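Trainee: Sequence positions in the sequence shown follow numbering that gives the first Met the number 0 and run 0 to 73.
Don't be surprised by glycine CBs; every beta carbon is placed ideally from N, CA and C.
Computed from a predicted model, the values in this text were never measured in an experiment.
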Amino acid sequence: MYEHKKKLLKGFTPKYNINKLVYFEETQEVNAAIMREKEIKKWRREKKDSLVNGENPQWKDLSLEFQDSSLCSK
0 MYEHKKKLLK GFTPKYNINK LVYFEETQEV NAAIMREKEI KKWRREKKDS
50 LVNGENPQWK DLSLEFQDSS LCSK
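1) So is S87 buried or exposed if we call it buried at 16+ other beta carbons inside 10 Å?
2) In the segment 27–57, which residue ranges form an unbroken alpha helix (DSSP H) of at least 4 residues, counting only runs that do not cross its ends?
3) Hey, quick one: how far does the alpha helix (DSSP H) through K6 stretch, first residue to last?
4) Round the Cβ separation of W42 and V51 to the nearest angstrom and send it over; I've been treating them as touching at under 8 Å.
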């Protein structure tokens with residue numbers, strides 16, 4: 000998340016000025032996470048919006064939950 004916030008990664012995030020984490024899922028399996036990400040990426044925008052609205056109707060930045068976590072910086 001740190002790299003995304005600081006725009007250190009090339010690609011979608013800096014190109015479209017993405018700066019908030021509004022949805023995430025936890026899993027113990029890396030392959031399951033990758034498969035789920037690919038599944039969601041195939042969805043239309045409306046379906047993605049519905050997924051976020053169901054869990055985070057105000058679209059709050061959820062990365063703040065990890066502010067003191069090792070997930071935020073190295």
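Mentor: The short version:
1) Here the chain covers residues 0 to 73 and nothing more, so residue 87 does not appear.
2) 29–40, 44–54
3) Where K6 is concerned, there is no enclosing alpha helix (DSSP H), given that its DSSP letter is neither H nor E.
4) That pair is no contact at about 11 Å.
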